[in-house]
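What follows is a single structure, written as structure tokens, with notes after it.
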Amino acid sequence: MTRAIRIGKLADAAQKSVSWNIFAILCIGLVLAEGCSVGPKYAKPVAQIPASYKEMGNWKTAEPSDATRKDKWWKSSGTRNFNALEDKLTVSNQTLRAAQDRCLEARAALKFSRAGEFPQVTAGGLASRQRSSSNRPLRGATSPSNYSDFVLSGDISYEADVWGRVRKTVEASRAEAQASAADLEPFA
Numbered sequence: 061m062t063r064a065i066r067i068g069k070l071a072d073a074a075q076k077s078v079s080w081n082i083f084a085i086l087c088i089g090l091v092l093a094e095g096c097s098v099g100p101k102y103a104k105p106v107a108q109i110p111a112s113y114k115e116m117g118n119w120k121t122a123e124p125s126d127a128t129r130k131d132k133w134w135k136s137s138g139t140r141n142f143n144a145l146e147d148k149l150t151v152s153n154q155t156l157r158a159a160q161d162r163c164l165e166a167r168a169a170l171k172f173s174r175a176g177e178f179p180q181v182t183a184g185g186l187a188s189r190q191r192s193s194s195n196r197p198l199r200g201a202t203s204p205s206n207y208s209d210f211v212l213s214g215d216i217s218y219e220a221d222v223w224g225r226v227r228k229t230v231e232a233s234r235a236e237a238q239a240s241a242a243d244l245e246p247f248a
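Numbering (the numbering used here), first residue to last: 61 to 248.
What follows is the structure, encoded as structure tokens:
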């Protein structure tokens with residue numbers, strides 16, 4: 061009887077030990093998972109701007125218009141020679157060419173980073189036909205001499221964006237593409 065009680069106490073102790081181990085593993089897993097999370101969504105800081113400054117005088121507040129299309133600003137001079145020179149420079153401007161290349165590169169990087177948002181699907185097939193010699197050893201009278209082999213394969217993979225890595229990469233690529241397009245816009 062005492063032996064059965066001791067075994068029962070040992071079983072209870074082992075069960076409590078296992079449940080505490082599982083609890084500890086879950087706690088450690090939650091701490092590690094929280095440590096891998098991506099920070100909060102970026103919020104642009106708000107600056108307190110006074111209505112006027114003592115040094116303001118005749119100055120007027122800037123009114124940026126990034127959304128409007130910018131014309132060729134040099135045409136406002138009205139000088140034909142200047143306009144012709146500017147047109148020649150635009151054609152052979154290496155800085156402009158580099159800006160175009162950066163814009164194309166940023167757009168390609170955006171497409172590449174957006175590919176991570178979708179599952180990857182691959183498929184393949186293989187067909188082969190083989191002919192065996194009728195003089196081979198151990199060939200039976202009813203054995204076929206032609207063999208066909210068809211293989212179809214496919215694969216689907218998807219990485220769940222649990223921590224926001226893909227989403228943040230796409231946001232960064234989109235911002236880079238917009239910035240490079242804005243650099244190129246005055247010359248378009």
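Even for Gly, the Cβ is constructed at its ideal location relative to N, Cα and C.
Start and end residues, beta strand (DSSP E) containing V211: 206–217 is the extent of the beta strand (DSSP E) around V211.
- prompt: Which partner residues does L186 have in the DSSP bridge list?
  reply: V211
query: Roughly how many whole angstroms lie between the Cα atoms of S125 and N153?
result: 26 Å
message: Relative to the C-alpha of S205, which candidate in L212, D215, Q190, Y113 has its C-alpha closest?
response: Q190
- prompt: Is DSSP giving R162 helix, strand or coil here?
  reply: helix
field: Boundaries (first-last residue) of the alpha helix (DSSP H) holding S15
entry: The requested residue 15 is not part of the displayed model; the chain covers only 61 to 248.
- prompt: When every heavy atom of the ligand NAD is checked, does at least one fall within less than 6 Å of the C-beta of S112?
  reply: This structure lacks the ligand NAD, and indeed carries no ligand of any kind.
message: Tell me the rounded alpha-carbon separation between A175 and S217.
response: Whole-angstrom Cα-Cα distance: 12 Å.
field: Check whether A183 and G214 have beta carbons under 7 Å apart
entry: yes
task: Tell me R191's beta-bridge partners as DSSP assigns them.
output: According to DSSP, R191 bridges with N206.
field: Meets three-Cβ-pair contact criterion under 8 Å: the segment 226–243 and the segment 160–178
entry: Under the 8 Å Cβ criterion, the segment 226–243 counts as touching the segment 160–178, having at least three qualifying pairs.
task: Under 8 Å by Cβ, that's how I've got A239 and L170 pegged, so tell me the actual separation to the nearest angstrom.
output: Cβ atoms of A239 and L170 stay farther apart than 8 Å, at about 12 Å.
- prompt: Count the other CB atoms within 10 Å of the CB of S208; is the residue buried (16 or more) or exposed (fewer)?
  reply: With fewer than 16 neighbouring CB atoms inside 10 Å of its own CB, S208 falls in the exposed class.
field: Residues near S233 by beta carbon distance below 6 Å, same chain, minus five either side
entry: A169, L170, S173
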